[in-house]
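Enquirer:
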Amino acid sequence: MLRKQHYIQACAHLSIFLYWGWYWRTVYESAWLIVAQLLFAYAFDSLLGWWRRGTVTIGFGPFPIVFSTNLFLWFKPDWFYLQFALIAVAFAAKEFIRWVKVGQGAHIFNPSAFTLTVFSVALLLTGTSDTTWGQDIAITQFYPPHMYLFLFLVALPGQYLFGVTTMTMSAVVTTYVFGLMYYAVTGTYLFFDSYIPIAVFLGMHLLFTDPSTAPRTELGRMIFGALYGLSTIALYV
4 MLRKQHYIQA
14 CAHLSIFLYW
24 GWYWRTVYES
34 AWLIVAQLLF
44 AYAFDSLLGW
54 WRRGTVTIGF
64 GPFPIVFSTN
74 LFLWFKPDWF
84 YLQFALIAVA
94 FAAKEFIRWV
104 KVGQGAHIFN
114 PSAFTLTVFS
124 VALLLTGTSD
134 TTWGQDIAIT
144 QFYPPHMYLF
154 LFLVALPGQY
164 LFGVTTMTMS
174 AVVTTYVFGL
184 MYYAVTGTYL
194 FFDSYIPIAV
204 FLGMHLLFTD
214 PSTAPRTELG
224 RMIFGALYGL
234 STIALYV
């Protein structure tokens, strides 16, 4: 089952890894670990499908889940076995947390966003964020020149084809306008060095834009995007 949203998103993610890795070589050094996650994802997803429905579906589905998860969080080598748990939770959420949407069964949450939320909250509550490259990822994604423009350009095909432009636009505009007002009042950036952090900008373009979990109406997408932007501000504060 070759779905356009899967392989187009995978190409966008791969482009980011290649460009980002040129300026932070840990990305290239971790390439084989990403391949290992992909193999695990295909095996785990196949076993879930075989157990639940008696069928195995092969396509590009695991690529955007594994890639988008690794664009935000991966464990350091001594703790890397937990990365496979991260991927397993994503596929389990996709399989078990479902509803009927427009007459068809669909997963409720973006699998990558769901597992990132679960593990990030656990890391924060236990004070173990240093077992991951999370902070380094958030910092080094700003290393490549013109990174905001690059992210915008690689996200354009998906924005055009899958109707999620209003989600991204409202998220970016909401966060940017709030940042402008904050700067006007305080004389400094809310996020220290920018109106929108690079990792948040990446999430607005290539994480929460899963068409399978996006609202169906344009108004719903605009509200969803604005709430996404406001939530990043509230959580940061």
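The numbering used here applies: residue 4 is where the sequence shown begins, and numbers increase by one. Cβ atoms here follow ideal geometry from the backbone N, Cα and C, with glycine treated the same way.
For Tyr239, collect the residues of the same chain with a Cβ closer than 8 Å to its Cβ; drop the 5 residues on either side in sequence, then sort them by chain order.
Expert: So the list reads Leu193, Phe194, once near-sequence residues are dropped.
Enquirer: Which residues bound the beta strand (DSSP E) around Ala109?
Expert: Its beta strand (DSSP E) spans residues 107-110.
Enquirer: For Arg56, which of helix, strand or coil comes out of DSSP?
Expert: Looking at Arg56 - three-state DSSP - the assignment turns out to be helix.
Enquirer: Please classify Thr220: does DSSP put it in a helix, a strand, or coil?
Expert: If DSSP states are grouped into helix, strand and coil, Thr220 belongs with coil.
Enquirer: Grab me the residues of Val69's own chain with a C-beta within less than 7 Å of its C-beta, minus the 5 sequence neighbours each way, in chain order.
Expert: So the qualifying residues of the chain are Ile37, Gln40, Leu41, Ala44, Ile90.
Enquirer: Using a Cβ-Cβ cutoff of less than 8 Å, which residues in the same chain neighbour Thr169 once the five nearest sequence positions on both sides are dropped?
Expert: Around Thr169: Glu221, Arg224, Met225, Gly228.
Enquirer: What is the rounded straight-line gap between the Cα of Leu154 and the Cα of Tyr22?
Expert: Whole-angstrom Cα-Cα distance: 10 Å.
Enquirer: Determine the closest residue to Tyr146 out of Gly24, Cys14, Met4, with distance taken between C-alpha atoms.
Expert: Minimum Cα distance to Tyr146 is reached at Gly24.
Enquirer: Ordered along the chain, which non-local residues of its own chain (more than five positions away) have a Cβ less than 7 Å from that of Leu233?
Expert: Thr177.
Enquirer: Check the DSSP bridge columns for Trp102 and list the partner residues they point to.
Expert: Per DSSP, Ala109.
Enquirer: Between Thr58, Lys97, Leu119, which lies nearest to Ala109 when the distance is taken from Cα to Cα?
Expert: Per the Cα distances, Lys97.
Enquirer: Are three or more beta carbon pairs between the stretch 118-137 and the stretch 77-92 nearer than 8 Å?
Expert: In short, these stretches touch, since the Cβ pair count reaches three.
Enquirer: When you compare each of Leu209, Ile199, Val175, Thr191 to Leu230 by their alpha carbons, which one comes out closest?
Expert: Nearest option by C-alpha distance: Val175.
Enquirer: What's the C-alpha gap between Gly137 and Ile61?
Expert: Rounded to whole angstroms, Gly137 to Ile61 spans 31 Å at the Cα level.
Enquirer: Report the option in His208, Trp54, Lys104 whose CA atom is closest to the CA atom of Pro218.
Expert: The residue with the shortest Cα to Cα distance from Pro218 is Lys104.
Enquirer: Just to confirm before moving on: does the CB-CB distance between Thr216 and Asn73 stay below 8 Å?
Expert: Not in contact: Thr216 and Asn73 (Cβ atoms no closer than 8 Å).
Enquirer: Going by C-alpha distance, which of Phe66, Thr58, Trp54, Trp35 is nearest Cys14?
Expert: When only C-alpha atoms are compared, the closest one is Phe66.
Enquirer: Report the residue from Trp77, Thr143, Trp53, Val157 whose alpha carbon sits nearest the alpha carbon of Ser132.
Expert: Of the listed residues, the one whose Cα sits closest to Ser132 is Trp77.
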